[in-house]
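Visitor: In the numbering used here, the protein residues as written are 843 to 1175. Take this structure, written in structure tokens, and hold onto it; I'll ask about it next.
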């Protein structure tokens, strides 16, 4: 399995998008003086190729950097080239130590630094530590190429954006939605005082899902999974405001017919205390975003309970908590 980890400079065509720039007023700190239309076109074609032909496609932008880290690869490696352990035992020790030291810095020295300085130092450290060469490894190692990340605490917020179809071809995904969401996040980072996003912006291309309550459910042309991460040092209110502004930005995304997209959060990450279109997010999720799925989920649970010889209320008693009860109140009424 060929794990291709590419570190490309912004002036070498990454972070660019065909036509997107015409509709965006980019932050003045982003230098586009050496970028021409041909470079944008080439970059767009490269981006589409990675979206459509990579087994795994992922992009990282660390705040205020002029470059990003691209982790795109194909599951086509030669098995005989993947014999050496990856990462090596020594590399694992280094990676675990780096994450542990980063956590110690966040708990000590970083607390007296301005937010932007924290973000820029973490960005330098991340881009220095991440690999820049291609290597053939087993699939499981390609997916989990970095060790010790649990040693550094973080806060994260992620949404799953359904990729709509092209206006002239309903079977073809409109990848520009990913670039629009990406640049909305970057613009929000530059416009937010206090630098509330201090770790990274991450975007992955994922598929649909047939898991009833999955936020990727019925995203037949794929999903743009986009996430922002910060450190616990970030002021709680600034982080909440940043997430709210970001979800407001992302909720403006539409398909080619100007229809709203059914954007839903990653269940296991931070989404509570936000609002969507003026209503508490939990009400929006159960009454709009997951309305049809919750009705289907109820029918499926009834079948499961009947087959198992118990009642729906038994499921509620087993798994009940305030959030669960709120979301699934119509399931157990």
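Even glycine gets a Cβ: it sits at the ideal position worked out from N, Cα and C. Since the model is a prediction, treat every value here as computed from it, not as a measurement.
Run the CB neighbour count on residue 1145, radius 10 Å, all protein chains shown included, and call it buried at 16 or more, exposed below.
Guide: Under this definition residue 1145 is an exposed residue.
Visitor: What is the rounded straight-line gap between the Cα of residue 1161 and the Cα of residue 964?
Guide: One C-alpha to the other measures close to 39 angstroms.
Visitor: So, with DSSP's three-state summary, where would you put residue 1175?
Guide: Correct three-state label for residue 1175: coil.
Visitor: Which same chain residues end up closer than 6 angstroms to residue 1008 when comparing Cβ atoms and leaving out the 5 residues on each side of it in sequence?
Guide: So the qualifying residues of the chain are 1014 and 1016.
Visitor: Using the C-alpha atoms, what's the distance from residue 1079 back to residue 1088?
Guide: The straight-line gap from Cα to Cα measures roughly 14 angstroms.
Visitor: Mark residue 1067 as exposed unless 16 or more other C-beta atoms lie within 10 angstroms of its C-beta, in which case mark it buried.
Guide: The residue is buried, with at least 16 neighbouring Cβ atoms inside 10 Å.
Visitor: If you draw a straight line from the alpha carbon of residue 1085 to that of residue 1070, how long is it in whole angstroms?
Guide: Approximately 9 angstroms, taken between the alpha carbons.
Visitor: On the CB-based measure, 16 or more other CB atoms within 10 Å of its CB, does residue 1126 come out buried or exposed?
Guide: Residue 1126 is buried by the Cβ-count criterion.
Visitor: May I ask you to report which of helix, strand or coil DSSP gives residue 854?
Guide: Low confidence applies here, because residue 854 scores a pLDDT of 31, under 50, leaving its location unreliable; read the following figure in that light. Helix, per DSSP.
Visitor: If you scan the stretch 1054-1090 from start to end, which runs of the beta strand (DSSP E) of 3 or more residues do you find wholly inside it?
Guide: Whole beta strand (DSSP E) segments, 3+ residues: 1065-1072.
Visitor: What are the boundary residues of the alpha helix (DSSP H) that includes residue 991?
Guide: It is not in any alpha helix (DSSP H) - residue 991 carries neither H nor E in the DSSP assignment.
Visitor: Is residue 848 helix, strand or coil by DSSP?
Guide: Low per-residue confidence applies at residue 848: pLDDT is 42, beneath 50, and the placement is therefore not dependable, though the value from the model is reported in the following sentence. Three-state DSSP puts residue 848 in a strand.
Visitor: Near residue 1147, which residues of its chain fall below 8 angstroms by C-beta distance, leaving aside the five closest residues on each side in sequence?
Guide: Answer for residue 1147: 1153, 1154, 1156 and 1157, listed in chain order.
Visitor: Does the separation of the CB atoms of residue 941 and residue 993 fall below 8 angstroms?
Guide: Cβ distance < 8 angstroms, so residue 941 and residue 993 count as in contact.
Visitor: Between 1053, 1040 and 1006, which has its C-alpha nearest residue 1104's C-alpha?
Guide: Checking every option, the nearest Cα to that of residue 1104 belongs to 1006.
Visitor: If you run the structure through DSSP and keep just helix, strand and coil, what is residue 907?
Guide: Coil, per DSSP.
Visitor: Would you mind sorting residue 1064 into buried or exposed? The rule is 16 or more other CB atoms within 10 Å of its CB.
Guide: Per the 10 Å Cβ criterion, buried.
Visitor: Roughly how many whole angstroms lie between the Cα atoms of residue 923 and residue 1128?
Guide: Using only the alpha carbons, I get a separation of about 49 angstroms.
Visitor: Strictly by DSSP, which residues pair up with residue 799?
Guide: Residue 799 is absent from the model: the chain starts at 843 and stops at 1175.
Visitor: Please report how far the alpha carbon of residue 1101 lies from the alpha carbon of residue 1055, in whole angstroms.
Guide: Cα to Cα, residue 1101 sits roughly 22 angstroms from residue 1055.
Visitor: Following the continuous beta strand (DSSP E) through residue 882, name the residue where it begins and the one where it ends.
Guide: Here residue 882 belongs to no beta strand (DSSP E); instead the alpha helix (DSSP H) covers 879-895.
Visitor: State whether the stretch 946-965 contacts the stretch 916-934, with contact taken as three or more CB pairs (one from each stretch) at a distance under 8 angstroms.
Guide: Contact fails: fewer than three Cβ-Cβ distances are below 8 angstroms.
Visitor: Whole angstroms is fine: what's the gap from residue 900's alpha carbon to residue 1048's?
Guide: Roughly 9 angstroms between the two C-alpha positions.
Visitor: Return helix, strand or coil for residue 1043, following the three-state DSSP convention.
Guide: DSSP places residue 1043 in strand when its eight states are reduced to three.
Visitor: So if DSSP puts residue 922 in a beta bridge, which residue, or which two residues, is it bridged to?
Guide: None; residue 922 has no bridge partner.
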